[in-house]
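In the working numbering, the protein residues as written are 7 to 707. Notes for the one structure printed next.
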Ligand code: GLA
């Protein structure tokens, strides 16, 4: 930045951004963090952080800023890349003008040679989430291909030296990995045509010295491209820039004259510690992302047929399962895969959304309703099986490349939603279901990657959003869950149209508790399905006790995905008791402040949700402890001066309770200060694998 720079500040809730803007030059972010005093001298702030040119650097030191273009020898990847007539355009975008308000900044750049215009919009709203988006317009007569368009290019403050990223696979989502950013930076893309299992659209940056943390996410359900470049080669000044944007493949987005490309939002939160960061994300999702509806205010207990019946569906089996579900206290019965066309396995009938002839859906729904449960239905509308009437009638409706093979995945192909007639068919099929039957809930699944997709992946995602928007408008009372073989498409893009996500197909509690904690860094518990599965678990083969499975499932949107008829009487009673506990506590679990409780024993997973006067915590030991007595569990977020009555809600874990010091005392409850609970904690018996405790706190007045 030169002497000509001007300063603009945006103030959100507890967050401040200061930009340095130079007409005819560039734009940079010179401050992001906690609120600054209203009268902060922004010029001094900029100068306090400016550096002069150093050796072996261009005479005008490069500043990648908010629109890096590889200028001046910087090795930060360009945020925008274009080509025309088959050749790369060498851009030199300059800031033409800007408009700002207290919470919003629009920056208009223009590239003099190509005439391309780039508008970057930063917004802090009245909240602690920051958003950035990029819009490209082509006023020239020459068609331009957009090859790269980052939704955000964020100059990373130097205090953030570490990054947590997530990786995963089917049934094994959200493995956390924390490492230093320099010198190699970070780069990850998805290729499946969806946000995918690989997690790179969710990042957390850390200042390890102060604990301050910053999270970034791309609101997009298609492929993403995330990178952090540390400039330790080009300009060599060590600056890092974080970029997130949609991954655009060759010639996917071509702008004719007058056309614009509006990219997705990137959202960023910054907070003094990771707990606050998480709460800021949760608050944003609760207030501004999730499509809530009145009837969804209370998250009903589900029973899903998948792990109970699989494809083995009959009227009798379904109705018997519904009876058993109602007896447990289930409130919504979800009929999963297998109810339509000739679907008796996963190789057939996707696209034929007519009830299988051997099933009487109206009678099933009437039965479910007579048991006072809602009815939900599984669909996978974006897909088609080669063995289906739809495919036989319209073999050209799937994504394919003319003259090439059509490789399947799970025996299925993807419909080409960029075609209007295909979208009309899909929306029409779902509409027919929703108008013909009394359906309160759809589990909207997506079980294969998008390949081959030619140049259509980006538009496919836009088309999906269009369809979901149409359906939401027509059926606002229907709640939609987004599933993609579990957590294969979880992002706030799809959450704008849906109310629940399915974090993983893996219901094994030992895996599930880790996966839930991973997603909980960003997502509040109420949007995440969490089901009690069968034992042994069909994915891991592991046997686990019901008293453990059910406690893990409480922290989420609870459901059952197992056949009660296959359970012992004792297990049924245990499950029923936990369903009752969920109903008792869901108001808090789904509105309170979430804290992850760290423990020195890495086998222990613990979290809590705090409200004004009530708090519920859960601690789960997933392995055999190296010591007889693991360290006490320390709570968080309490009023240090207040006194709390602490109880351990039943049912207790059988083995664990043997080691509880004084049963009677615990049954009556202990009174402790918030300070004692946070500083010292509770020494619960957490020695044996599959031991989980609930801890209830009531603030005493
Ligand atoms: C996917 C989903 C499962 C289940 C099956 C049905 O794998 O993630 O929950 O619905 O499809 O085929």
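Cβ coordinates follow ideal geometry from the N, Cα and C atoms, glycine included.
Using 10 angstroms around the beta-carbon of residue i, count the other beta-carbons present and answer buried if the total reaches 16, otherwise exposed.
i, result
"residue 520", "buried"
"residue 627", "buried"
"residue 300", "Unreliable placement is indicated for residue 300, whose pLDDT of 48 sits below 50; the coordinate value is still reported in the next sentence. Its Cβ having fewer than 16 others within 10 Å, residue 300 is exposed."
"residue 285", "buried"
"residue 727", "A question about residue 727 goes unanswered here, because the residues of the chain that appear run from 7 up to 707."
"residue 700", "buried"
"residue 200", "buried"
"residue 257", "exposed"
"residue 48", "buried"
"residue 117", "buried"
"residue 547", "exposed"
"residue 407", "exposed"
"residue 402", "exposed"
"residue 459", "buried"
"residue 668", "exposed"
"residue 634", "exposed"
"residue 12", "exposed"
"residue 53", "exposed"
"residue 710", "Since the displayed the chain opens at 7 and closes at 707, residue 710 lies outside it and no answer follows."
"residue 310", "buried"
"residue 697", "buried"
Check whether the Cβ atoms of residue i and residue j sit closer than 8 Å, and answer yes or no.
i, j, result
"residue 469", "residue 423", "yes"
"residue 245", "residue 213", "no"
"residue 99", "residue 150", "no"
"residue 555", "residue 574", "no"
"residue 287", "residue 493", "no"
"residue 606", "residue 692", "no"
"residue 321", "residue 358", "no"
"residue 122", "residue 144", "yes"
"residue 391", "residue 448", "no"
"residue 210", "residue 193", "no"
"residue 466", "residue 474", "no"
"residue 35", "residue 14", "no"
"residue 569", "residue 545", "no"
"residue 307", "residue 564", "yes"
"residue 266", "residue 154", "no"
"residue 331", "residue 566", "yes"
"residue 243", "residue 82", "no"
"residue 59", "residue 67", "yes"
"residue 558", "residue 515", "yes"
"residue 335", "residue 582", "yes"
"residue 225", "residue 291", "no"
"residue 30", "residue 119", "no"
"residue 495", "residue 488", "yes"
"residue 536", "residue 522", "yes"
Am I right that residue i and residue j are in contact with their C-beta atoms under 8 Å? What's the rounded C-beta distance?
i, j, result
"residue 651", "residue 704", "5 Å"
"residue 167", "residue 187", "6 Å"
"residue 689", "residue 638", "4 Å"
"residue 113", "residue 125", "7 Å"
"residue 317", "residue 343", "7 Å"
"residue 206", "residue 232", "5 Å"
"residue 420", "residue 396", "Rounded, the Cβ-Cβ distance is 13 Å, inconsistent with contact."
"residue 383", "residue 445", "5 Å"
"residue 312", "residue 385", "About 13 Å; that fails the 8 Å criterion."
"residue 255", "residue 461", "7 Å"
"residue 394", "residue 434", "That belief does not hold up - the Cβ atoms of residue 394 and residue 434 are roughly 16 Å apart, past 8 Å."
Suppose the cutoff is 6 Å on Cβ atoms and the five residues either side in sequence are ignored; what does the same chain contact list for residue i look like?
i, result
"residue 616", "598, 599 and 643"
"residue 218", "278"
"residue 549", "541 and 542"
"residue 260", "149 and 151"
"residue 591", "622"
"residue 162", "246 and 248"
"residue 588", "560 and 564"
"residue 646", "680 and 681"
Give every residue of the same chain whose Cβ lies closer than 7 Å to the Cβ of residue i, excluding the five residues on either side of it in the sequence, and list them in chain order.
i, result
"residue 295", "498, 501 and 502"
"residue 173", "181, 183, 204 and 205"
"residue 608", "none"
"residue 440", "481 and 484"
"residue 37", "22, 23, 24 and 51"
In its own chain, which residues sit with a C-beta less than 8 Å from the C-beta of residue i, not counting the 5 before and 5 after it?
i, result
"residue 41", "17, 20, 21 and 22"
"residue 656", "583"
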